[in-house]
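Chemist: One point on numbering: in my numbering, the residue at position 15 of the sequence shown is 128, and numbering is uninterrupted.
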Amino acid sequence: MGKKGDLSNFERGMVVGARQAGLSISQSAQLLGFSRTTISRVYKEWCEKGKTSSMRQTCGRKCLVDARGQLKTGKMLRGLMGLDFC
Numbered sequence: 114m115g116k117k118g119d120l121s122n123f124e125r126g127m128v129v130g131a132r133q134a135g136l137s138i139s140q141s142a143q144l145l146g147f148s149r150t151t152i153s154r155v156y157k158e159w160c161e162k163g164k165t166s167s168m169r170q171t172c173g174r175k176c177l178v179d180a181r182g183q184l185k186t187g188k189m190l191r192g193l194m195g196l197d198f199c
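#1: Can you name, in chain order, every residue of its own chain whose Cβ lies under 7 angstroms from the Cβ of Ser139, other than the five neighbours on each side?
#2: Quick check on the DSSP output: the alpha helix (DSSP H) that includes Ser148 runs from which residue to which?
#3: For Glu124 and Lys175, I'd like the C-alpha separation in whole angstroms.
#4: For Tyr156, which residues of its own chain have a beta-carbon under 7 angstroms away from its beta-carbon, when the five flanking residues on both sides are left out?
#5: Using the C-alpha atoms, what's the distance from Gly182 back to Lys164?
#6: Grab the span of the alpha helix (DSSP H) containing Lys188 for me, first residue to last.
#7: Could you check what DSSP says for Gly135 in three-state terms: helix, strand or coil?
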């Protein structure tokens with residue numbers, strides 16, 4: 114089974130729901146099309162932490178410019194685009 118990337122919140126909920134409905138790890142994996150390891154990890158995380166969402170969204174570099182700064186930059190660029198440099 115190839116690597117597909119992160120599971121969506123809906124897919125994680127499906128895993129938890131299948132396990133809560135009494136399906137075994139193997140049955141859940143077969144039904145949902147994920148590996149048994151994925152089923153185990155998602156369900157274990159839900160049992161321990163009570164959450165199913167991936168924290169991948171919080172990874173990466175922080176934005177250096179806030180929304181107000183983006184607006185000001187956009188206005189400045191639009192103003193520069195209107196100038197003639199002849």
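All C-beta atoms in this analysis are idealised placements derived from N, C-alpha and C, irrespective of residue type, glycine included. Please read all numbers here as calculations on a predicted model, not as lab measurements.
Modeler: Taking the definition as stated:
#1: Taking C-beta separations shorter than 7 angstroms and ignoring five residues to either side along the sequence, the partners of Ser139 in its chain run Arg149, following chain order.
#2: Segment: none, Ser148 is in no alpha helix (DSSP H) and carries neither H nor E.
#3: Taking the straight line from one Cα to the other gives about 27 angstroms.
#4: Short of 7 angstroms from the beta carbon of Tyr156, and not among the five residues preceding or following it, lie these beta carbons of its own chain, in chain order: Val128, Val129 and Arg132.
#5: Looking at the two C-alpha atoms, the distance is approximately 34 angstroms.
#6: Residues Ala180 to Met194.
#7: Reduced to three states, the DSSP call for Gly135 is coil.
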